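Numbering (my numbering), first residue to last: 4 to 340.
Let me begin by presenting the structure, written as structure tokens, before commenting on it.
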Amino acid sequence: MRKPTVVTSILLSVAVLAACGSGDEDPTVDDGTDVGTATDGAGSAELTELTVGVIPVVDVAPLYLGVQEGIFEEHGLELNLQTSGQGAAAIVPGVVSGEFDIGFGNAAALITAHSQGFDLPVIAPGSSSTGIDGEDYVGVFVSAESDIGEVADLAGRSVAVNTLNSFQDAGVREAVDMSGGDGSSVEFVEVPFPEMLAALEEGHVDAIAQNEPFLTMTQEAGAQLVSSYLVDIAPDTPFLVAPYFTSAELRESDPATVEAFAAAVRESAAFATENQDAVREVLGTYTEISPEIAEAVILPQYLEEVAPAQMEFLIAFTERQGLVEEPVEIASLLPGE
4 MRKPTVVTSI LLSVAVLAAC GSGDEDPTVD DGTDVGTATD GAGSAELTEL
54 TVGVIPVVDV APLYLGVQEG IFEEHGLELN LQTSGQGAAA IVPGVVSGEF
104 DIGFGNAAAL ITAHSQGFDL PVIAPGSSST GIDGEDYVGV FVSAESDIGE
154 VADLAGRSVA VNTLNSFQDA GVREAVDMSG GDGSSVEFVE VPFPEMLAAL
204 EEGHVDAIAQ NEPFLTMTQE AGAQLVSSYL VDIAPDTPFL VAPYFTSAEL
254 RESDPATVEA FAAAVRESAA FATENQDAVR EVLGTYTEIS PEIAEAVILP
304 QYLEEVAPAQ MEFLIAFTER QGLVEEPVEI ASLLPGE
């Protein structure tokens, strides 16, 4: 099996690790090992193997569907899917070092890495907010007894987020500012998604910023939604949460393989959008959520293209929120734009 050339291993700076966040292993992962291939091995000698770093969340369901439906095999690819509960904190360094050929991670962390000089071009679309207030797959919740009734009331309160210095705390802070509150006065506490509900119920924090599938679990426990914060801050263009990216070296040395991956992702995203029942079913193959929760979760938008307007908004957003050290040009993130 031919293995494409990957970026030469280098030592990552502490700054990249800090900017891209941290987190504990997510118990929704089945086993944390190789969780997907595109072939049973019969014709694998003709396929190009790619190691892809992913997060076990609803956002990557199209990738698993694409493997299951043979879409990646049709494009000449075999995927070795490696899961990480740490998200961009592990996946961005993994792509830079060559551990992963391709990564999936939150766009804000990716822009932060670019501002620090790491060339990691976006090669395929991922997921975005639904753009529907009250029906997004991320949101801020408070207990049923809380006196917090709207997002502006979060000023001066504590909010749990999975990762600091990411779209979560930056997004909540911006939503508070836009509503007339003081976003700088919000205290953010890093708490893994699975532990957030307990932290809220035990009074350790005043609010929690949840993502699916934990958002549905939180709602079913009786917590109240106070903000679909990504919709609040990006009402006109759905907020790009996470795309797929690679190293500049791989993109330049093997553009055909990179384009094949991008084409397969686009096809898989279209399939997922048209087959929502299949999306909910495949969630059980790489997470441990129940069929009942899988049926109830709010799914993100699965994108077939990354719109330059979405990336331009994100660059401006990260600059406003102080997540970048140096200005980032859209051409470095979306080559050809």
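Built from N, CA and C at the ideal position, the CB exists for glycine as well.
Model, not experiment: these values are computed from the prediction.
Of the candidates S131, S231, H78 and D139, the residue whose Cα lies closest to the Cα of E153 is S231.
Every beta strand (DSSP E) stretch that sits fully inside the region 126-150 and reaches 3 residues is listed by chain position as 141-145. Per DSSP, the continuous alpha helix (DSSP H) segment holding P197 begins and ends at F196 to E204. With fewer than 16 other CB atoms across the displayed protein chains lying within 10 angstroms of its CB, S188 is exposed. For F320 and T221, the gap between their C-alpha atoms comes out near 28 Å. Excluding five sequence positions before and after I114, the CB atoms of its chain that fall closer than 8 Å to its own CB belong to L317, I318, T321, L326, V327, V331 and L336, given in chain order. T249 and E193 have their C-alpha atoms roughly 28 Å apart. For the region 239-267, the full-length alpha helix (DSSP H) segments reaching 4 residues or more read 251-256 along the chain. Nearest neighbour of A64 by Cα position, chosen from A112, E270 and S118, turns out to be E270. DSSP, reduced to helix, strand and coil, places I292 outside both helices and strands of the structure shown, so it counts as coil. Between the C-alpha atoms of A267 and S146 there is a straight-line separation of about 42 Å. Along the region 158-193, the beta strand (DSSP E) occurs as fully enclosed runs of 3 or more residues at 161-164 and 190-193, listed in sequence order.
In this structure, S131 lies near P303, with their beta-carbon atoms less than 8 Å apart. Between N214 and V60, the gap from beta carbon to beta carbon is short of 8 Å.
Here the alpha carbons of Q71 and L253 stand approximately 25 Å from one another.
Its chain contains S131, S132, G134 and Q304 as the residues whose beta carbon lies nearer than 6 Å to that of P241, once the 5 sequence neighbours on both sides are disregarded; these appear in chain order.
The bridge partners DSSP lists for L84 are V55. Residue state for L233 is assigned as helix, using DSSP reduced to three classes.
A direct Cα-to-Cα measurement between T219 and G97 gives close to 31 Å. Under the DSSP assignment, Q222 falls in the alpha helix (DSSP H) whose first and last residues are F217 to E223. With respect to the 8 Å criterion, D122 and T54 are not classified as neighbours on the basis of their beta carbons. Taken atom to atom, the span from the alpha-carbon of P195 to that of G101 is near 27 Å.
For G56, the number of other beta carbons within 10 angstroms of its own is at least 16, and it is reported as buried. For A210, the uninterrupted beta strand (DSSP E) segment begins and ends at A210 to N214. Where G106 is concerned, the enclosing beta strand (DSSP E) starts and stops at I105 to F107.
The three-state reading of DSSP puts Q227 in strand, counting E and B together. Under the DSSP assignment, I333 falls in the alpha helix (DSSP H) whose first and last residues are I333 to L336.
The continuous stretches of alpha helix (DSSP H) do not include F121, and DSSP gives it neither H nor E.
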